[in-house]
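Right, one structure below, let's go through it.
Numbering (full-length UniProt numbering), first residue to last: 1 to 218.
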């Protein structure tokens, strides 16, 4: 690895004791990763839930993920050319905001991109998000336990129990594309086991010890 540049400890000293120690631990962990791994990737995890993040960690045990603590990670990497740990790291700072994750790995660039380009998770939408498409509940039997019928009636759905099955008695336009999704609609989708979101992970920027920084998406 290139020779590391010196850092100041300002961000650590400004915090209350417990947070200061937590931040110091993150800075130390990032520093260790920079010595251990050649590749660093900034990943957009929009719409990905915590249970999926746990699965990712399990599948990438030879690597290291960081989720959250964006401000501390920016500090650990260096926000300016004068502060950066290694040449080109400060260029990652603008990408370290929002719902992102940081991956340190020694897997090849092709392995990283092949994995995340094919990584798709079916998720339920979040309240207040916009629908990716029209959703119409079609009349007919619903493949859920008959005990759920009273709950569906509470949602105002036209359902009946016939031959120990729940039937939707008519088509129900549930969502229009780009319409704002209400809490009740999310609950309906969850009750009917209808995840309508295809959640993906996008690589937005990367840094490599040999080749430096590159941006994939603005």
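Note that beta-carbon positions come from the ideal geometry of N, C-alpha and C, so glycine has one too.
Fair warning: this is a prediction, and the values are worked out from it, not measured in the lab.
Residue 164 and residue 150 have their C-alpha atoms some 14 Å from each other. With fewer than three CB-CB distances shorter than 8 Å, the region 51-59 does not count as touching the region 71-78. Closest option to residue 204, judged by alpha-carbon separation, among 147, 45 and 188: 45.
Residue range 50-59 is occupied by the alpha helix (DSSP H) that includes residue 57. C-alpha of residue 111 to C-alpha of residue 141: approximately 43 Å in a straight line. Checking the DSSP bridge columns, you'll see residue 162 partnered with 165.
In the structure shown, residue 196 falls within a coil segment according to DSSP collapsed to helix, strand and coil. Contact fails between the region 114-123 and the region 176-192, because fewer than three Cβ pairs, one in each stretch, are under 8 Å apart. Annotation: residue 213 to residue 92 spans about 8 Å, alpha carbon to alpha carbon. Secondary structure of residue 36 (DSSP, three-state): helix. Assignment of residue 133 by DSSP, reduced to helix, strand and coil, places it in the coil class. Judged by their CB atoms, residue 103 and residue 34 are not nearer to each other than the 9 Å cut-off. If you draw a straight line from the Cα of residue 181 to the Cα of residue 127, it comes to about 6 Å. Every beta strand (DSSP E) of 3 residues or more that sits fully in the region 76-146 is shown, in chain order, as 100-105, 120-123, 135-137 and 140-142. The three-state secondary structure of residue 25, taken from DSSP, is helix. The Cβ-Cβ distance between residue 37 and residue 58 does not fall below 9 Å. Between residue 176 and residue 129, the C-beta spacing is not below 9 Å. The beta carbons of residue 172 and residue 136 sit closer together than 9 Å. Annotation: residue 155 to residue 144 spans about 15 Å, alpha carbon to alpha carbon. For residue 157, the CB contacts under 8 Å within the same chain, skipping 5 residues up- and downstream, are 137, 168, 172 and 188 in chain order. Setting aside the 5 residues that flank it on each side, residue 195 is surrounded in the same chain by 122, 123 and 124, each with a C-beta closer than 6 Å to its C-beta; the list follows chain order.
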